[in-house]
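Chains as they are written, first to last, in our numbering: chain A, 47 to 351; chain B, 454 to 756. Don't be surprised by glycine CBs; every beta carbon is placed ideally from N, CA and C.
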Amino acid sequence: MNEQQCALLEAQIGKIESVSTAPAILQPLLQMLRSPADEIRMESVVEMVSRDSAIAAQCLRMANSPLFGHSRVETVRGAVMALGIAKVRSLLFGLCMHQTIPKGKWVLDPTAFWRHSLGCALVTQTMARGIGYREPEKAYLAGLIHDIGFLVNSVLYPEKFRESFQHAVAEKCPVHVSEEPILGFTHEDSGRILCKRWGLPDELLEAAGCHHRLDVLPTAGPLVCLVHLSDLLCRVRNLGYGYDEILAVSLAQDSAWKHLLIAYPALAEIDLVRFTLDIEGSMDEIAALVDSVFAADRRAVPPTR
Amino acid sequence: MAIQLGKEKSAAAPALDVGDAAYLKIRDLIYRISGIYHSEQKLYLLVSSCQRRMKTCDAASPAQYLEHLTTRPNRDAEVRLLLNEITIGETYMFRHPAQFDALRNVILPQIMEGKAALGIKRLRFWSAGCSTGEEPYTLAMFLLEEKEKRLAGWNFDILATDLNSNSLEAARAGIYGEYALRNVSEGLRQKYFKDAGSNKLEAGDRLKSHIRFDRVNLSDDSKMVFLKGIDVIFCCNVLIYFDLASKRRVVQHFYTNLVPGGYFFLGHAESLFHVDDTLRLIHFPGTTAYWKPPQGSAAGGTP
């Protein structure tokens with residue numbers, strides 16, 4: 047992508063809130079994402095969640111998923127307490143991302159998109175914990191939003207993005223490989239620009255902007271490396287973009303793995319076969335969670351605060 | 454390293470529907486000894502295997518059965534019996550379709566390209582520990598089907614070995630019932646099998662002519678060194694019975710048996726973690742395999 051294309055894309059993304067249906071809580075939520083989790087008051091999170099009944103209901107479904115520790119919660123406050131502020135914040139952001147796409151504008155199958163994003167969030171977080179990365183919640187968020195550029199492309203460039211996607215399906219190749227020649231840029235570019243516009247931290251910009259091409263970064267941070275590996279792991283375990291890709295991946299030979307290994311020697315202690323079996327084992331739960339949280343228009347009775 | 458995907462709480466509070474924490478210890482023991490791993494969601498399979506064994510050996514509780522596996526004089530035998538129980542029912546044809554997708558989409562094209570450059574149009578496969586023959590017959594069907602497409606003009610042979618002479622005899626006979634054939638389509642049955650009476654089918658000569666059955670002990674170094682030029686090895690649920698040192702030796706033999714660029718498949722839940730680092734673990738959609746990098750390939754080389 048040259049400078050001119052980049053400026054053009056930035057200008058287009060500048061209009062995204064006006065052409066999309068971003069929910070009212072987006073701006074205060076973005077503000078919240080810029081602050082450290084331990085400086086956020088629980089009251090303000092509960093208040094924010096409760097403002098939108100759909101979001102509140104989704105938050106409860108999430109808190110009750112076996113993926114997040116088998117809690118039984120019935121109130122928004124209970125959900126926030128069970129999940130923790132950082133997790134709720136990520137979840138809210140995911141829900142905002144989802145609502146940002148007007149119905150009928152989805153190019154990717156939304157179910158596949160969310161299974162991939164949520165799968166990636168969980169794998170990134172688990173791997174982060176396993177190697178001793180100090181902010182596993184941030185890892186979760188990075189995994190969740192890494193493909194946000196797909197949403198930008200769906201809203202702003204629906205026809206060309208659809209063409210790219212169909213080309214990837216036909217060729218069984220990764221989406222970014224077919225985006226480049228057809229759109230002139232990839233979901234990484236648009237994702238990075240959107241994250242920048244929304245004032246998200248640099249590490250998240252990197253995760254959204256370079257998860258397929260770590261080599262463009264002078265030094266790849268741990269977060270983008272984790273996301274890169276998790277993205278691959280999800281795609282080889284049926285949590286990809288919803289079509290069959292031809293893939294053969296040697297994770298231990300991957301540059302992200304080698305980068306991480308220097309700072310986090312515990313990585314060498316991960317049995318990747320075993321780790322992959324755990325991902326496989328969680329697939330049904332991830333699918334069930336996505337179906338219950340993101341299924342179209344499931345406006346339940348507003349839960350109590 | 455124990456990693457629990459997505460679990461916020463540590464192992465302190467596993468809401469284990471399957472009842473007893475002793476099962477988790479058995480799970481870890483089996484993983485440590487054999488390399489077979491049961492994820493939390495598959496733990497119920499291990500539990501039912503244990504329960505079948507507990508009935509036979511009169512263990513009143515999972516904790517007591519754990520003792521049978523760890524402290525009783527016949528513990529090694531009991532571990533073997535449990536491993537038998539775990540892998541029972543694994544043997545039917547086309548058990549892991551993802552392995553064949555990997556072969557079709559990546560492995561065959563890659564190996565063929567390398568061989569064609571040398572003017573060789575022959576492929577060699579080895580089913581090491583073929584038991585009653587389901588695996589080599591599956592492979593023969595798959596390859597004959599590919600011969601009508603990409604593999605046209607190529608030849609292949611399959612070496613199928615086992616230690617157990619009774620299993621080999623059954624494999625040679627090639628007569629199967631509905632359980633073994635459950636994943637074989639009607640079309641393939643018509644094409645490659647003949648009626649053997651009493652609701653059974655027998656593998657036809659087209660399949661049999663591609664397979665050579667032989668008795669091989671994988672621990673027999675003198676025999677192992679003579680097997681050369683293999684493109685792909687399948688060795689599912691066999692190494693689980695070996696101790697670490699023997700496992701290492703067998704895998705080193707496999708490395709030598711394989712052509713550069715060749716592949717090696719293990720059973721679906723089997724891990725070679727800390728057993729070998731000369732072969733590279735490759736993730737394919739839905740399956741994993743080990744790859745022997747071609748000599749002189751860059752250290753970072755991937756298939």
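Quick one, which of B:701, B:690, B:655 has its alpha-carbon nearest residue 674 of chain B's?
-> Counting from 1 along the second sequence, the entry for residue 674 of chain B is found at position 221. Taking only the C-alpha atoms, the option nearest residue 674 of chain B is B:701.
Look at the alpha carbon of residue 193 of chain A and the alpha carbon of residue 255 of chain A, and state the distance between them as a whole number of angstroms.
-> Numbered from its first residue, the first sequence carries residue 193 of chain A at position 147. Numbered from its first residue, the first sequence carries residue 255 of chain A at position 209. When rounded, the distance between both Cα atoms is 9 Å.
Residues that residue 685 of chain B bridges to, as DSSP identifies them = Position 232 of the second sequence, counting from 1, holds the residue named residue 685 of chain B. Partner(s): B:578, B:716.
The beta strand (DSSP E) spanning residue 743 of chain B covers which residue range?
-> What you label residue 743 of chain B is simply residue 290 of the second sequence in a count that begins at 1. Residue 743 of chain B -> beta strand (DSSP E) spans 740-744.
Taking C-alpha atoms, which residue in B:531, B:500, B:541 lies nearest to residue 720 of chain B?
-> Looking up residue 720 of chain B in the second sequence gives position 267. Nearest C-alpha to residue 720 of chain B: B:541.
For residue 724 of chain B, which residues in chain A fall below 9 Å Cβ to Cβ?
-> Taking the second sequence and counting its residues from 1, the one referred to as residue 724 of chain B is at position 271. Within chain A, the residues near residue 724 of chain B are 317, 318, 319, 320, 323.
Mind reading off the beta-carbon distance from residue 71 of chain A to residue 240 of chain A? Whole number of angstroms is fine, and I expect it under 8 Å.
-> As a first step, residue 71 of chain A must be located in the first sequence, where it is residue number 25. As a first step, residue 240 of chain A must be located in the first sequence, where it is residue number 194. Wrong, their Cβ atoms sit about 17 Å apart, outside the cutoff.
CB contact flag (residue 339 of chain A, residue 738 of chain B, <8 Å) = What you label residue 339 of chain A is simply residue 293 of the first sequence in a count that begins at 1. What you label residue 738 of chain B is simply residue 285 of the second sequence in a count that begins at 1. Cβ atoms of residue 339 of chain A and residue 738 of chain B: not closer than 8 Å.
Under 8 Å Cβ to Cβ from residue 531 of chain B, same chain only, skipping five residues before and after it: list those, please.
-> What you label residue 531 of chain B is simply residue 78 of the second sequence in a count that begins at 1. Closer than 8 Å at Cβ, skipping near neighbours: 506, 510, 521, 522, 525.
Among all the DSSP beta bridges, which residues are the ones paired with residue 128 of chain A?
-> Here the question's residue 128 of chain A lines up with position 82 in the first sequence. BP columns for residue 128 of chain A are empty, so no partner.
Residue 85 of chain A burial status per 10 Å Cβ neighbour count (16 or more: buried) = Residue mapping note: residue 85 of chain A aligns to position 39 of the first sequence, counting from 1. Exposed, since its Cβ has fewer than 16 Cβ neighbours within 10 Å.
Could you tell me which of A:69, A:209, A:143, A:271 sits nearest to residue 227 of chain A, measuring between CA atoms?
-> Taking the first residue of the first sequence as position 1, residue 227 of chain A is located at position 181. Looking at the Cα atoms, A:209 is the closest of the given residues.
Using 8 Å as the Cβ pair cut-off and three pairs as the minimum, do the segment 149-156 of chain A and the segment 104-116 of chain A touch?
-> no
For the alpha helix (DSSP H) holding residue 698 of chain B, just list the boundary residues, first then last.
-> What you label residue 698 of chain B is simply residue 245 of the second sequence in a count that begins at 1. 697-710 is the extent of the alpha helix (DSSP H) around residue 698 of chain B.
Any C-beta of chain B under 8 Å from that of residue 277 of chain A | In the first sequence, residue 277 of chain A corresponds to position 231, counting from 1. Chain B, which has no Cβ nearer than 8 Å to the Cβ of residue 277 of chain A, makes this no.
Is the segment 700-716 of chain B close to the segment 278-292 of chain A, with three or more CB pairs under 8 Å?
-> no
Quick one: does residue 292 of chain A have its CB under 8 Å from some CB of chain B?
-> Residue mapping note: residue 292 of chain A aligns to position 246 of the first sequence, counting from 1. For residue 292 of chain A, the answer is yes, since a Cβ of chain B falls inside 8 Å of its Cβ.
8 Å contact criterion, which residue 314 of chain A and residue 307 of chain A should meet: CB distance rounded = Here residue 314 of chain A refers to the residue found at position 268 of the first sequence. Here residue 307 of chain A refers to the residue found at position 261 of the first sequence. With 8 Å as the limit, residue 314 of chain A and residue 307 of chain A qualify as a contact, their Cβ atoms being about 6 Å apart.
Among A:76, A:222, A:203, which residue has its Cα nearest to the Cα of residue 59 of chain A?
-> As a first step, residue 59 of chain A must be located in the first sequence, where it is residue number 13. Considering only alpha carbons, the answer is A:203.
Thinking just about the alpha-carbon of each residue, which of B:636, B:649, B:634, B:698 is nearest to the one in residue 727 of chain B?
-> As a first step, residue 727 of chain B is located in the second sequence; it is residue number 274 there, counting from the start. When each option's Cα is compared against that of residue 727 of chain B, the closest is B:698.
Is residue 287 of chain A helix, strand or coil when you go by DSSP?
-> What you label residue 287 of chain A is simply residue 241 of the first sequence in a count that begins at 1. Reduced to three states, the DSSP call for residue 287 of chain A is coil.
Any idea which residues DSSP pairs residue 308 of chain A with across the strands?
-> As a working note, residue 308 of chain A is residue 262 in the first sequence. Paired residue(s): none; residue 308 of chain A is not in a bridge.
Residue 218 of chain A by DSSP, collapsed to three states: which one?
-> As a first step, residue 218 of chain A must be located in the first sequence, where it is residue number 172. Here residue 218 of chain A sits in coil by DSSP.
Using a Cβ-Cβ cut-off of 7 Å (strictly less than) and excluding sequence neighbours within five positions of residue 684 of chain B, which residues of its own chain qualify?
-> For the purposes of this step, residue 684 of chain B is identified with residue 231 of the second sequence, where counting begins at 1. Cβ within range, chain order: 564, 576, 577, 578, 712, 715.
Output the distance between the C-alpha atoms of residue 82 of chain A and residue 212 of chain A, rounded to the nearest integer angstrom.
-> The residue you call residue 82 of chain A lines up with position 36 of the first sequence. The residue you call residue 212 of chain A lines up with position 166 of the first sequence. For residue 82 of chain A and residue 212 of chain A, the distance between alpha carbons rounds to 40 Å.
Under the DSSP definition of a beta bridge, which residues are partnered with residue 609 of chain B?
-> Here the question's residue 609 of chain B lines up with position 156 in the second sequence. B:576.
Counting contacts by CB-CB distance shorter than 8 Å, is residue 62 of chain A in contact with chain B?
-> Indexing the first sequence from 1 puts residue 62 of chain A at position 16. No, no contact with chain B.
Would you mind stating whether residue 624 of chain B and residue 613 of chain B have Cβ atoms separated by less than 8 Å?
-> Taking the first residue of the second sequence as position 1, residue 624 of chain B is located at position 171. Taking the first residue of the second sequence as position 1, residue 613 of chain B is located at position 160. Contact: yes.
Pull out every residue of the segment 476-495 of chain B whose Cβ sits closer than 9 Å to any Cβ of chain A, in chain order.
-> 484, 488, 490, 491, 492, 493, 494, 495
Excluding sequence positions up to five away, which residues of its chain have a Cβ less than 7 Å from the Cβ of residue 262 of chain A?
-> Position 216 of the first sequence holds residue 262 of chain A. Answer for residue 262 of chain A: 256, listed in chain order.
Backbone secondary structure at residue 196 of chain A - three-state DSSP | Mapped onto the first sequence, residue 196 of chain A falls at position 150. The answer is helix: DSSP assigns residue 196 of chain A an H, G or I state.
Under the three-state reduction of DSSP, which class applies to residue 316 of chain A: helix, strand or coil?
-> Numbered from 1 along the first sequence, position 270 holds the residue referred to as residue 316 of chain A. Coil.
Can you name the start and end residues of the beta strand (DSSP E) that residue 266 of chain A belongs to?
-> Along the first sequence, one-based indexing puts residue 266 of chain A at 220. Careful: residue 266 of chain A lies outside any beta strand (DSSP E) and carries neither H nor E.
Candidates A:237, A:264, A:258, A:55, of which the one nearest residue 251 of chain A by Cα = The residue given as residue 251 of chain A occupies position 205 in the first sequence. Residue A:237 is the option with its Cα nearest to residue 251 of chain A.
Per DSSP, residue 490 of chain B forms a beta bridge with which residues?
-> As a position in the second sequence, residue 490 of chain B is number 37, starting the count at 1. According to DSSP, which records beta bridges pairwise, residue 490 of chain B is partnered with nothing at all.
Residues in its own chain within less than 6 Å of residue 160 of chain A by CB, not counting five upstream and five downstream?
-> In the first sequence, residue 160 of chain A corresponds to position 114, counting from 1. Once the five neighbours on either side are set aside, the close Cβ partners of residue 160 of chain A are 336, 340.
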